[in-house]
Amino acid sequence: MELFTKRLLIREMTADDWQAVQRIVEDFIHSDVAVYDCAPPVDELPLRQWIAKMDQMLFAVLPRDTGELIGYICFHGDSENYDMGYCFHSDSHRNGYALESCGALLRHMAETRGIGRFSAGTALENRSSARLLERLGFVLDGTETLSLHKDSEGKDISFTGGNFSYTPHPGKTD
Numbered sequence: 184m185e186l187f188t189k190r191l192l193i194r195e196m197t198a199d200d201w202q203a204v205q206r207i208v209e210d211f212i213h214s215d216v217a218v219y220d221c222a223p224p225v226d227e228l229p230l231r232q233w234i235a236k237m238d239q240m241l242f243a244v245l246p247r248d249t250g251e252l253i254g255y256i257c258f259h260g261d262s263e264n265y266d267m268g269y270c271f272h273s274d275s276h277r278n279g280y281a282l283e284s285c286g287a288l289l290r291h292m293a294e295t296r297g298i299g300r301f302s303a304g305t306a307l308e309n310r311s312s313a314r315l316l317e318r319l320g321f322v323l324d325g326t327e328t329l330s331l332h333k334d335s336e337g338k339d340i341s342f343t344g345g346n347f348s349y350t351p352h353p354g355k356t357d
């Protein structure tokens, strides 16, 4: 599957993309929002296995002018609901790439796979991610206190996680 937007190519990820994904994951691990999520592995074999395990639900995002993989979007779920996740290298932030690619892929998944509901979660403290979901049309359904990591003293690092949902509207092109 290849999906083109005005500026981007979105395609299924392959195991051969592992080095580009590794670069994105390492960038994420060193970011200030890393405490809000669990990153994929960074070593070659586990990363290749993670990519293969996603089974056509992991998509690479590349600007058409450079062809460099700058982010990925993934889905998991069943015929009722698919949960969306995404990660973009910090060098590509604030360019609208996440909004453009996630929006196009949500529409594509709804139209071609008949998906009627999507969900996504993010830390409300991660305002950029929460704003992205809102701009895509996701609605905050609820919150929960989460902890995915511990601090240097072994104490939980807690945050408020937002649970968002999105129902596509047939024929809507934004």
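FYI, the numbering for the sequence shown is 184 to 357, going by our numbering.
A virtual CB, placed ideally from N, CA and C, is assigned to each residue, including glycine.
- Looking at R296, D266 and G254, the one whose alpha-carbon comes closest to that of H272 is G254.
- Excluding sequence positions up to five before and after W201, its CB lies within less than 7 Å of the CB of E227, L230, R231 and I234, all in the same chain and listed in chain order.
- Taking C-beta atoms as the reference points, G344 and A293 fail to come closer than 8 Å.
- Three or more Cβ pairs closer than 8 Å define a contact, and the region 333 to 352 meets that threshold against the region 311 to 321.
- Using a 10 angstroms sphere on the CB of N309, the tally of other CB atoms reaches 16 or more, which defines it as buried.
- A straight-line Cα-Cα distance of about 24 Å links Q239 and S312.
- Y265 is not a Cβ neighbour of C285, given a cutoff of 8 Å.
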